[in-house]
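Here's the structure, in structure tokens; my notes come after.
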Amino acid sequence: MRDIRATADGLRSAIERSGYYPGLVADAVSATLGSETVVSYVVIHDALFDPAMEVRRHMTVLVLTPSRLVYSHTDENPGEEPGERPQAETTTEALSFTSISSVAVTRVVPDPAAYVPGVTMPSEVVLTIGWNVLSHIDLEPAHCGDENCEADHGYSGTITADDLSLRVSEAADGADAVQQVLAFANALAEATARAPQPPAARPACPRGPAGSATRRTSSRRCGRWVIIDGLGWELLRDHPAAAPFLSELAVNSTPLTSGFPATTVTSLSSLGTARPPGQHGMLGYQVAIPGGNALLNGLRWDADVDPLTWQPGTTIYERAAGVGIRTYRVAASSLEKTGLSVAAMRGPEYRPADSLGALVAQAADALRASDRALVTVYHGHLDGTGHTFGCSSDAWRYQLGHVDKLAEQLAAAVPGRTALYVTADHGMVDVLPEDRVDVDMVPALREGVALLGGEPRARHVYVKPGAEDDVLATWREIIGGRAWVLPREEAVAAGWFGPVNPALADRIGDVVAAPAGPYAIVATEAEPLESSLIGMHGSLTSADQLVPLLYLPSV
Ligand SMILES: [Zn+2]
Ligand SMILES: [Zn+2]
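Just so you know, we're using my numbering here: the sequence shown kicks off at 1074 and counts up by one.
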């Protein structure tokens, strides 16, 4: 068990370790503490980009003494003129325990099934301390709901207790910081439980308009998911100069795997439903429609297939709405009503945005509309550029620069307390002409095949009755040296699709083939467009599978 006893010396050295104007912060805290004993403390130091794209650093110190909670917050303000030195502002308050109305701790545990009491540490902790000293009112003109009505309906408003909220995560702040906040929360909860009942709250006092939030704000908690189509982890890692903002966020992060096939239809469905491919059933770019003799192209869809029947499970947006979270999807207007959107991303309010600037503005606008919101922003042109020009092309690198700027602007252009996550649906590899096997030029590969589904780096091969063994043997013989070729049962047993719902299993090819290097299984006659692409994705290699999960904590 880690020693969590605290001392004034320990507090001072924690402030010094942060390296953030330690003398200033330590003096302000110790002046407020006086000669009181330190029972527990938390020192949190973070940085964010302000709307002018300046890095601003913040430091929060919480100290528990036998009788009080001492709160100190230091902000760095960039100089007004170019070249002028930044200023720092430190605020320190001491609060009696009777004025603390609540101590709330939210623990995020990533794999709850494997939770071991007393051993498993949460990956993220949010400590919210409510106190009765002040409340604030956000006022706005009331409206009757009719967009054309200009009558005066007076004002409506909300009264919110001023809270202090601290969020730390293992990924961004380290395991020690998570443990420190938990220990502090326990000590504070014990101290407040021993204190007399708090007096009634004082009358509320109006303050600035909505949107002028600072670190101490209302109960607002919002999140943004930014999905960059085709931004593979390895590609991002190889282009730090083209993407300085994202690369900085990537420094302390670890990648995710996208699942198989590593393709837009499947991965956006995994993100939209929070279920693996074998459960949501969006099993590839082209899959056989059971009972017929046709393929369903998941991006183009088919009017005869009802998306609600094809993927009847709930989406994250439907589930979020069920617990009072407003959800929004910000993406190109053409994607609003596609079969894929309805099947796997239904539920959110759609905010069409057909340019990079519109994506930022629409996301920020959606966030301003609600205190508890989940906003998903989707950008598809990096993938498209990689398909056409290759992901090692200048065009891809330049487009990555625009994506980096998009993420940077999204980080800056939001109200307070909004966490930002950046991820992708899959990576990409460039495939040379000599590394392509053309099914339409090798007749043996079409023998016994009823339908060729999937795409060049993730093939579903649906066979004619009784032909499974022959097709498997032929495909292994011709391309087995460059691809993993498995019968459906073995691919399922190997976990390629996650746990597979038996009712969905026949959407998977009788034979499944995934290139084991930068190869492709094209079909130049049946799929001239797809076969002409330079950049491709879908397989099980790290270049296809690994995607970033970048996190910028809420501020
Ligand atoms: Zn994609
Ligand atoms: Zn793609």
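Built from N, CA and C at the ideal position, the CB exists for glycine as well.
Keep in mind it's a predicted model, so treat the numbers as computed, not measured.
With H, G and I counted as helix, E and B as strand and the rest as coil, what does DSSP make of Thr1339?
As a first step, residue 1339 is located in the sequence shown; it is residue number 266 there, counting from the start. Correct three-state label for Thr1339: helix.
Bridge partners of Asp1119, per DSSP?
Working through the sequence shown from its first residue, we reach residue 1119 at position 46. Paired residue(s): His1131.
Is it true that the CB of Arg1130 sits closer than 8 angstroms to the CB of Leu1093?
Within the sequence shown, the letter at position 20 stands for residue 1093. Within the sequence shown, the letter at position 57 stands for residue 1130. Just to set this straight, residue 1093 is Tyr in the shown sequence, not Leu. Yes.
Which residues in the same chain as Glu1243 place their Cβ atom closer than 6 angstroms to its Cβ, once the five residues preceding and following it in sequence are excluded?
If you number the sequence shown from 1, residue 1243 lands on position 170. Only Ser1196, Val1251 meet the Cβ criterion.
Let me know the secondary structure DSSP gives Leu1613 once reduced to three states.
Mapped onto the sequence shown, residue 1613 falls at position 540. Reduced to three states, the DSSP call for Leu1613 is coil.
Give me, in chain order, the residues of the same chain whose beta-carbon lies closer than 6 angstroms to that of Met1074; leave out the 5 immediate sequence neighbours on both sides.
In the sequence shown, counting from the first residue as 1, residue 1074 sits at position 1. Only weak support exists for where Met1074 lies, its pLDDT of 34 falling under 50; the value from the coordinates is given anyway. Contacts found: none.
DSSP three-state call for Tyr1114: helix, strand or coil?
In the sequence shown, counting from the first residue as 1, residue 1114 sits at position 41. Looking at Tyr1114 - three-state DSSP - the assignment turns out to be strand.
Within its chain, find whatever has a CB closer than 6 angstroms to the CB of Thr1502; leave out the 5 residues flanking it on each side and keep chain order.
The residue you call residue 1502 lines up with position 429 of the sequence shown. Looking at the sequence provided, one finds Val at residue 1502 rather than Thr. For Val1502, where only same-chain residues beyond five positions count, the Cβ hits under 6 angstroms are Pro1591, Ala1616.
Express the C-alpha separation of Ser1238 and Gly1365 in angstroms, rounding to a whole number.
Taking the first residue of the sequence shown as 1, we reach residue 1365 at position 292. Taking the first residue of the sequence shown as 1, we reach residue 1238 at position 165. Rounded to whole angstroms, the separation of the alpha carbons of Ser1238 and Gly1365 is 56 angstroms.
So the beta strand (DSSP E) Arg1294 belongs to, where does it begin and stop?
Here residue 1294 corresponds to residue number 221 of the sequence shown, with the count starting at 1. First-last of the beta strand (DSSP E) with Arg1294: 1294 to 1301.
Since Pro1588 sits in a beta bridge, which residues does DSSP pair it with?
What you label residue 1588 is simply residue 515 of the sequence shown in a count that begins at 1. Pro1588 pairs with Ala1556.
Cβ atoms of Gln1160 and Ala1034: under 8 angstroms apart, would you say?
The structure shown does not extend to residue 1034, since the chain is modelled only from 1074 to 1628, so the question has no answer here.
Pair every Cβ in the region 1248 to 1263 with every Cβ in the region 1401 to 1420, then say whether three or more of these pairs are closer than 8 angstroms.
no
Is Val1189 buried or exposed, if buried means 16 or more other CB atoms sit within 10 Å of its CB?
By one-based count along the sequence shown, residue 1189 stands at place 116. Per the 10 Å Cβ criterion, exposed.
Where does Asp1246 fall in DSSP's three states?
To locate residue 1246, count along the sequence shown from 1; it is residue 173. Looking at Asp1246 - three-state DSSP - the assignment turns out to be helix.
Tell whether a beta-carbon distance below 8 angstroms holds between Val1495 and Pro1621.
Counting from one through the sequence shown, the residue named residue 1495 turns up at place 422. Counting from one through the sequence shown, the residue named residue 1621 turns up at place 548. Yes, these two residues count as a Cβ contact at 8 angstroms.
Given the structure, does Thr1337 come close to ligand 1, in the sense that its CB is under 7 angstroms from one of the ligand's heavy atoms?
Taking the first residue of the sequence shown as position 1, residue 1337 is located at position 264. Yes, the Cβ of Thr1337 comes within 7 angstroms of a heavy atom of ligand 1.
Taking Val1573 and Gly1351 to be in contact with their CB atoms under 8 angstroms, please state how far apart those CB atoms are, rounded to whole angstroms.
As a first step, residue 1573 must be located in the sequence shown, where it is residue number 500. As a first step, residue 1351 must be located in the sequence shown, where it is residue number 278. Rounded, the Cβ-Cβ distance is 3 angstroms, consistent with contact.
Cα separation between Ala1286 and Val1487?
Taking the sequence shown and counting its residues from 1, one reaches residue 1286 at position 213. Taking the sequence shown and counting its residues from 1, one reaches residue 1487 at position 414. Residue placement at Ala1286 is poorly supported in this model, since its pLDDT is 30, which falls under 50; the coordinates still yield a value, given next. The alpha-carbon atoms of Ala1286 and Val1487 are separated by roughly 11 angstroms.
Below 6 angstroms CB to CB, which residues in the same chain sit around Ser1320 once its five sequence neighbours on both sides are set aside?
The residue labelled residue 1320 in the question sits at position 247 within the sequence shown. Here the set comprises Pro1313.
Identify, in the order they occur along the chain, each residue of the same chain with its Cβ nearer than 6 angstroms to the Cβ of Arg1419, setting aside the five sequence neighbours on each side.
Your numbering for residue 1419 matches position 346 in the sequence shown. Within the same chain, Arg1419 has close Cβ partners Thr1388.
Please state the DSSP three-state secondary structure of Ala1576.
Within the sequence shown, residue 1576 is the residue found at index 503, counting from 1. Reduced to three states, the DSSP call for Ala1576 is helix.
Please identify the residue among Phe1333, His1460, Trp1374 whose C-alpha is closest to the C-alpha of Met1609.
The count along the sequence shown starts at 1 and reaches residue 1609 at position 536. Minimum Cα distance to Met1609 is reached at His1460.
According to DSSP, simplified to helix, strand and coil, what is Ile1594?
Taking the first residue of the sequence shown as position 1, residue 1594 is located at position 521. DSSP places Ile1594 in strand when its eight states are reduced to three.
Mind pulling the alpha helix (DSSP H) runs of 4 or more residues that sit fully within the region 1077 to 1110?
Within the region 1077 to 1110, the runs of alpha helix (DSSP H) that reach at least 4 residues and sit entirely inside it are, in chain order, 1081 to 1091, 1095 to 1106.
Beta-carbon within less than 6 angstroms of Ala1540's beta-carbon, same chain only, minus the 5 sequence neighbours each way: which residues are those?
For the purposes of this step, residue 1540 is taken as residue 467 along the sequence shown, with counting starting at 1. So the qualifying residues of the chain are Gly1521.
What is the DSSP secondary structure of Ala1426, reduced to helix, strand or coil?
On the sequence shown, position 353 is the one that residue 1426 refers to. Under the three-state reduction of DSSP output, Ala1426 falls in the coil class, being neither helix nor strand.
Three-state secondary structure (DSSP) at Gly1203?
The residue given as residue 1203 occupies position 130 in the sequence shown. If DSSP states are grouped into helix, strand and coil, Gly1203 belongs with the strands.
Where does Ser1428 land, buried or exposed, given buried means 16+ other C-beta within 10 angstroms?
Along the sequence shown, read from residue 1 onward, the residue named residue 1428 stands at position 355. Its Cβ having fewer than 16 others within 10 Å, Ser1428 is exposed.
Check whether the Cβ of Gly1303 lies closer than 7 angstroms to any heavy atom of ligand 1, and answer yes or no.
Stepping through the sequence shown from its first residue, residue 1303 is reached at position 230. At least one heavy atom of ligand 1 is nearer than 7 angstroms to the Cβ of Gly1303, so yes.
Put Tyr1471 into one of helix, strand or coil per three-state DSSP.
Position 398 of the sequence shown holds residue 1471. In this structure, Tyr1471 counts as helix in the three-state DSSP scheme.
Terminal residues of the continuous beta strand (DSSP E) containing Gln1352?
On the sequence shown, position 279 is the one that residue 1352 refers to. For Gln1352, there is no enclosing beta strand (DSSP E); the enclosing alpha helix (DSSP H) covers residues 1350 to 1353.
Starting from the C-beta of Gln1384, find all residues in its chain whose C-beta is less than 8 angstroms away, skip the five residues before and the five after it, and write them out in chain order.
As a first step, residue 1384 must be located in the sequence shown, where it is residue number 311. Contacts found: Ser1342, Thr1346, His1353, Gly1354, Met1355, Ala1416, Ala1417.
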